Amino acid sequence: MNRRRALLVSLAVAVAAVAGVLALGNTVSQAGGARASSAAQIARRTAQLDRYEAALRKSLAQQPPPLPPLPQAGAQATAMRSTAAVRVVYRRPPPIVVKRRGDDEGGRESAYEESGSDD
Numbered sequence: 005m006n007r008r009r010a011l012l013v014s015l016a017v018a019v020a021a022v023a024g025v026l027a028l029g030n031t032v033s034q035a036g037g038a039r040a041s042s043a044a045q046i047a048r049r050t051a052q053l054d055r056y057e058a059a060l061r062k063s064l065a066q067q068p069p070p071l072p073p074l075p076q077a078g079a080q081a082t083a084m085r086s087t088a089a090v091r092v093v094y095r096r097p098p099p100i101v102v103k104r105r106g107d108d109e110g111g112r113e114s115a116y117e118e119s120g121s122d123d
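Numbering (our numbering), first residue to last: 5 to 123.
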């Protein structure tokens, strides 16, 4: 390799090294800002959760409203008696008839089924 090419290659490597150092410095400076913003976000979220916890504790300490009075047992029994008993009638569906190949139309089994082999 002649001297001119060696000089060009070494200059290209030097420029790449300088660009790498600048990029590294930029990345490091941005990372420091991210840490500060994440600490502020954590503090804000912690304060929000503390307020929510205080609201939950306050609502837990309060007494629930009183329940409405129960209806009289006689009124409920009368309402139950007034409805007529419903009779449920179950009707079976018609049987499903499956015809297989080789079945006779007359209703008797075919010679294949009479031979004793199971289908």
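All residues carry an ideal CB built from backbone N, CA and C; glycine is no exception. These figures come from a predicted structure and were not determined experimentally.
Residue state for R7 is assigned as helix, using DSSP reduced to three classes. In the structure shown, the three-state DSSP call for I46 is helix. Here V90 carries a coil assignment [DSSP, helix/strand/coil]. The alpha-carbon separation between V93 and I100 amounts to approximately 21 angstroms. Here DSSP, grouped into helix, strand and coil, assigns K103 to coil.
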